[in-house]
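Student: Here the working numbering = 1-based position in the sequence shown + 178.
The beta carbon of each residue, even a glycine, is placed where N, CA and C say it ideally should be.
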Amino acid sequence: MLRYCHQAFAACAVITTVGTIICSHGLFKGTGQSYPRRLMGAVDNSQSSGATSSIRWPKCKERRRVAFVKNHKVGGDTVKNILNRYGYTRKLNFLLPHPFVASMTYPYSLYPEFYLPVPPNQTFDMLVYHTVYNRTRFRQVLPKDTVYLTIIREPLSHLKSIWNYYGLQNRFLIRSNGEHAILTFLNNPEKYDKSCGHGRHVPYCLTQNSMSVDLGFPAQNNKRVTLGCDREEREVISQTFLRKIHDDFHLVMITEYFDESLVLLKRLMCWTLQDILYYKANVRHYATKRTRIPPDVRQIHNEWSYVDYALYHHFNQTFWRRVHAAGNDFLGEVRYFRRVNHQMRELCDSLSRPNPCPVSPTTVVVNDTRWSPGFTIDRDFCLLAKRDLDCYYSLQAERAAKALKLNHSNIHLYGGGGPRPAVISQLKRWTETESRKDAMYDVKVHKLSGKDVVGRHCLYCNLANCRPFDYLTHFYKDGHISNDSYRTVMRRINQKIAERCNMKNLTLP
179 MLRYCHQAFA
189 ACAVITTVGT
199 IICSHGLFKG
209 TGQSYPRRLM
219 GAVDNSQSSG
229 ATSSIRWPKC
239 KERRRVAFVK
249 NHKVGGDTVK
259 NILNRYGYTR
269 KLNFLLPHPF
279 VASMTYPYSL
289 YPEFYLPVPP
299 NQTFDMLVYH
309 TVYNRTRFRQ
319 VLPKDTVYLT
329 IIREPLSHLK
339 SIWNYYGLQN
349 RFLIRSNGEH
359 AILTFLNNPE
369 KYDKSCGHGR
379 HVPYCLTQNS
389 MSVDLGFPAQ
399 NNKRVTLGCD
409 REEREVISQT
419 FLRKIHDDFH
429 LVMITEYFDE
439 SLVLLKRLMC
449 WTLQDILYYK
459 ANVRHYATKR
469 TRIPPDVRQI
479 HNEWSYVDYA
489 LYHHFNQTFW
499 RRVHAAGNDF
509 LGEVRYFRRV
519 NHQMRELCDS
529 LSRPNPCPVS
539 PTTVVVNDTR
549 WSPGFTIDRD
559 FCLLAKRDLD
569 CYYSLQAERA
579 AKALKLNHSN
589 IHLYGGGGPR
599 PAVISQLKRW
609 TETESRKDAM
619 YDVKVHKLSG
629 KDVVGRHCLY
639 CNLANCRPFD
649 YLTHFYKDGH
659 ISNDSYRTVM
669 RRINQKIAER
679 CNMKNLTLP
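See below:
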């Protein structure tokens, strides 16, 4: 047992700031870390500030292998990017669809011809890309100690999001005007959505039990659980499916309680608070979200997508049972997490355009609390937190290709085909020009992505997905660029910021 008590930190000193530009090189942690985890004892909820306590902490083992079964339009991209950042910084092996079709493993394509192989004598650590869950296949591909996660959403809200994102009004040729088109559909869904099997770029089942089918519910069973079916048979089929998901998944997250879900994930995995900080990804605003659905029409949808409703009802209940079992300081941790996440976003946004000149603070220091060890949020972390899905995909593919010892002569065997003429032309421009602007720093970085950085090291060279600074940092962290070269570029970046913003005291790497 470990006594985890830092009385030097007062409750009001949970978050501190530092007004100095720094470029941290210690972001990428080593393997096999263990963090203290709090015993689920009684703690006053009023202690939501996160002040440390004298409660004894057991040690738990950080869990690193994750299979995230990603549903469509449920907040899954945000979860995926959290997992991307976590796995990328620890250099874990991702199961990657052949570059660059992220949906290559969807729907029923979790077979070797559709993804990059794992490096010799290693195993996959993370799966975060769309694929339909299949217990047998997943266990053939992933190690035994893999943690299985998914996230689901209230079914009617899910339909509205699917409806907007995939343009279902046009797909179903519904002429009703604007927001009322979805009501036209819901009054007779069988007329418009007649079957599943829509391919890899949209949900396999568009509107009928879409989440459940992605979780392995047989699409052919939809006809046995829909409007006018035998109710007893429907109940047997749906409950059998729910038991399977209940047994197979370590955590089913709920979109409507996203932050609570992340705190549960953190505790399950023995991660730190920093590991679950996030920006929302792929979030849209649309008129259909506000469309009022009358109770009788809601009931039609309930019957149409019965298994999805049963899925949501079951795991919404188990979710809150899990929250209550987590201890009476759980909601205090959620409140604290939200405050730190807000602080992170404010800092990272201030370091990006349209705020090119840094203003204090440029670093946030989060002290130890009873929920998590302390950490620092700086430019390096902001780069990772704001990096988009496609860029992570590109950098993961670059890393995997090098681990597989691929080169430009054989990389076509695993998708991508190497640099295309347009990419080669862009590489040449980057090599020949004297400067290039980087979006994160909004400064001119001389020859930042010239031949020594990109042309020599990239294999897929998918430059459209990543900024020059992403490539620079990636190749440096992976050991392909010398420390002296990286420090020289970083010093130049910081010096230009200082000159432009009239800053005299500047800490250089």
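Measure the alpha-carbon distance for Ile260 versus Phe246 and round it to whole angstroms.
Tutor: Taking the sequence shown and counting its residues from 1, the one referred to as residue 260 is at position 82. Taking the sequence shown and counting its residues from 1, the one referred to as residue 246 is at position 68. Cα-Cα distance, rounded: 11 Å.
Student: Mapping DSSP to helix, strand and coil, what is Val430?
Tutor: In the sequence shown, residue 430 corresponds to position 252, counting from 1. Correct three-state label for Val430: strand.
Student: How far does the beta strand (DSSP E) with Cys639 in it reach, from first residue to last?
Tutor: Here residue 639 is taken as the residue at index 461 of the sequence shown, counted from 1. From DSSP, Cys639 is part of no beta strand (DSSP E); its letter is neither H nor E.
Student: Quick check: Leu384 and Leu334, are their CB atoms within less than 8 Å of each other?
Tutor: The sequence position of residue 384 within the sequence shown is 206, counting from 1. The sequence position of residue 334 within the sequence shown is 156, counting from 1. No, the pair does not count as a contact, with Cβ atoms beyond the cut-off.
Student: So for Ala280, helix, strand or coil by DSSP?
Tutor: For this step, residue 280 is matched to residue 102 along the sequence shown. Three-state DSSP puts Ala280 in coil, outside helix and strand.
Student: For Leu305, which residues does DSSP report across the bridge?
Tutor: As a working mapping, residue 305 is identified with position 127 in the sequence shown. Bridge partners of Leu305: Ala245.
Student: Quick one: Cα of Pro163 to Cα of Asn643, how far?
Tutor: Nothing in the structure corresponds to residue 163, since the chain is present only between 179 and 687.
Student: Would you mind reading off the limits of the alpha helix (DSSP H) that contains Cys569?
Tutor: Your numbering for residue 569 matches position 391 in the sequence shown. Segment Leu567 to Ala581, the alpha helix (DSSP H) holding Cys569.
Student: Near Ser416, what residues of its chain come up, given a Cβ to Cβ distance below 7 Å and the 5 sequence neighbours on each side ignored?
Tutor: As a first step, residue 416 must be located in the sequence shown, where it is residue number 238. Answer for Ser416: Val403, Tyr484, Val485 and Ala488, listed in chain order.
Student: Looking at Asp408 and Gln386, is the spacing between their C-beta atoms short of 8 Å?
Tutor: The sequence position of residue 386 within the sequence shown is 208, counting from 1. The sequence position of residue 408 within the sequence shown is 230, counting from 1. Not in contact: Gln386 and Asp408 (Cβ atoms no closer than 8 Å).
Student: Counting along the chain, where does the beta strand (DSSP E) carrying Val543 start and finish?
Tutor: Along the sequence shown, one-based indexing puts residue 543 at 365. From DSSP, the beta strand (DSSP E) with Val543 extends over Thr541 to Val544.
Student: Tell me whether the beta-carbon of Leu270 lies closer than 8 Å to the beta-carbon of Leu294.
Tutor: Taking the sequence shown and counting its residues from 1, one reaches residue 270 at position 92. Taking the sequence shown and counting its residues from 1, one reaches residue 294 at position 116. Not closer than 8 Å, so no.
Student: Would you tell me roughly how many angstroms separate the C-alpha atoms of Asp556 and Ala459, rounded to the nearest one?
Tutor: For the purposes of this step, residue 556 is taken as the residue at position 378 of the sequence shown. For the purposes of this step, residue 459 is taken as the residue at position 281 of the sequence shown. Those two C-alpha atoms are separated by around 20 Å.
Student: Can you check which of these residues, Lys655, Asn545 and Met522, is closest to Leu573 by C-alpha distance?
Tutor: Residue numbering aside, residue 573 sits at position 395 when the sequence shown is read from its first letter. For the residues Lys655, Asn545 and Met522, the minimum Cα distance to Leu573 belongs to Lys655.
Student: Nearest CA to the CA of Lys251: which residue from Arg313, His491 and Trp341?
Tutor: If you number the sequence shown from 1, residue 251 lands on position 73. Nearest C-alpha to Lys251: Trp341.
Student: Give me the DSSP bridge partner(s) of Tyr293.
Tutor: If you number the sequence shown from 1, residue 293 lands on position 115. Bridge partners of Tyr293: Pro275.
Student: Only counting the same chain, and skipping five residues up and downstream in sequence, which positions put a Cβ closer than 6 Å to that of Val391?
Tutor: Locating residue 391 in the sequence shown gives position 213, counting from the first residue. These residues qualify, in order along the chain: Tyr382, Cys383 and Ala397.
Student: How is Lys625 classed by DSSP in three states: helix, strand or coil?
Tutor: As a working note, residue 625 is residue 447 in the sequence shown. Because Lys625 carries a pLDDT of 44, less than 50, the predicted location of this residue cannot be relied on, and no value is offered for it.
Student: According to DSSP, is Val667 helix, strand or coil?
Tutor: In the sequence shown, counting from the first residue as 1, residue 667 sits at position 489. Three-state DSSP puts Val667 in a helix.
Student: Taking the C-alpha atoms as reference points, what is the distance between Asp222 and Phe508?
Tutor: In the sequence shown, counting from the first residue as 1, residue 222 sits at position 44. In the sequence shown, counting from the first residue as 1, residue 508 sits at position 330. Low per-residue confidence applies at Asp222: pLDDT is 32, beneath 50, and the placement is therefore not dependable enough to give any value.
Student: Thr547 by DSSP, collapsed to three states: which one?
Tutor: Sequence index remark: in the sequence shown, residue 547 carries index 369 (1-based). If DSSP states are grouped into helix, strand and coil, Thr547 belongs with coil.
Student: For Thr496, name the three-state secondary structure that DSSP assigns.
Tutor: Indexing the sequence shown from 1 puts residue 496 at position 318. Thr496 falls in the helix class under three-state DSSP.
Student: Which one or two residues does DSSP pair with Thr328 in a beta bridge?
Tutor: For this step, residue 328 is matched to residue 150 along the sequence shown. Thr328 is bridged to Val247 and Val430.
Student: Looking at C-alpha atoms only, which residue of Gln452, Val257, His424 and Thr324 is the closest neighbour of Tyr490?
Tutor: The residue you call residue 490 lines up with position 312 of the sequence shown. The candidate whose alpha carbon is nearest that of Tyr490 is His424.
Student: Whether or not the region 468-480 and the region 372-380 are in contact is what I'm after, with contact meaning three or more pairs of Cβ atoms, one per stretch, closer than 8 Å; do they touch?
Tutor: No, the region 372-380 does not touch the region 468-480.
Student: Have a look at Gln477 and Asn365 and give me their C-alpha separation to the nearest angstrom.
Tutor: As a first step, residue 477 must be located in the sequence shown, where it is residue number 299. As a first step, residue 365 must be located in the sequence shown, where it is residue number 187. Each residue's alpha carbon lies about 10 Å from the other.
Student: Mind checking who Phe553 pairs with in its DSSP beta bridge?
Tutor: Mapped onto the sequence shown, residue 553 falls at position 375. Bridge partners of Phe553: Val544.
Student: At the level of alpha carbons, what is the spacing between Ile589 and Cys639?
Tutor: Taking the first residue of the sequence shown as 1, we reach residue 589 at position 411. Taking the first residue of the sequence shown as 1, we reach residue 639 at position 461. Approximately 11 Å between the Cα atoms of the pair.
Student: Alpha carbons only, please: which of Cys560, Ser550 and Thr547 is nearest the one belonging to Thr541?
Tutor: To locate residue 541, count along the sequence shown from 1; it is residue 363. Cα-wise, what sits closest to Thr541 is Cys560.
Student: Please classify Tyr457: does DSSP put it in a helix, a strand, or coil?
Tutor: Here residue 457 is taken as the residue at index 279 of the sequence shown, counted from 1. DSSP places Tyr457 in coil when its eight states are reduced to three.
Student: Taking the alpha carbon of Leu327 as the reference point, which residue from Val306, Arg349 and Arg516 has its own alpha carbon closest?
Tutor: Residue 327 sits at position 149 when you count from the first residue of the sequence shown. Considering only alpha carbons, the answer is Val306.
Student: Which of the three DSSP states, helix, strand or coil, is assigned to Cys560?
Tutor: Residue numbering aside, residue 560 sits at position 382 when the sequence shown is read from its first letter. Note: Cys560 maps to helix in three-state DSSP.
Student: Does the distance from the CB of Leu562 to the CB of Thr267 come in under 8 Å?
Tutor: Here residue 562 refers to the residue found at position 384 of the sequence shown. Here residue 267 refers to the residue found at position 89 of the sequence shown. Contact flag set, yes.
Student: Going by other Cβ atoms of all chains shown within 10 Å of its Cβ, with 16 needed for buried, is Arg513 buried or exposed?
Tutor: Residue mapping note: residue 513 aligns to position 335 of the sequence shown, counting from 1. By the neighbour-count rule (16 or more Cβ atoms within 10 Å), Arg513 is not buried but exposed.
Student: Which same chain residues, not among the five before or five after Ile454, have their C-beta less than 8 Å away from its C-beta?
Tutor: Walking along the sequence shown from the start, residue 454 turns up at place 276. Ile260, Leu440, Val441, Leu443, Lys444 and Phe515.
Student: Would you mind stating whether Phe272 and Met304 have Cβ atoms separated by less than 8 Å?
Tutor: For the purposes of this step, residue 272 is taken as residue 94 along the sequence shown, with counting starting at 1. For the purposes of this step, residue 304 is taken as residue 126 along the sequence shown, with counting starting at 1. Yes.
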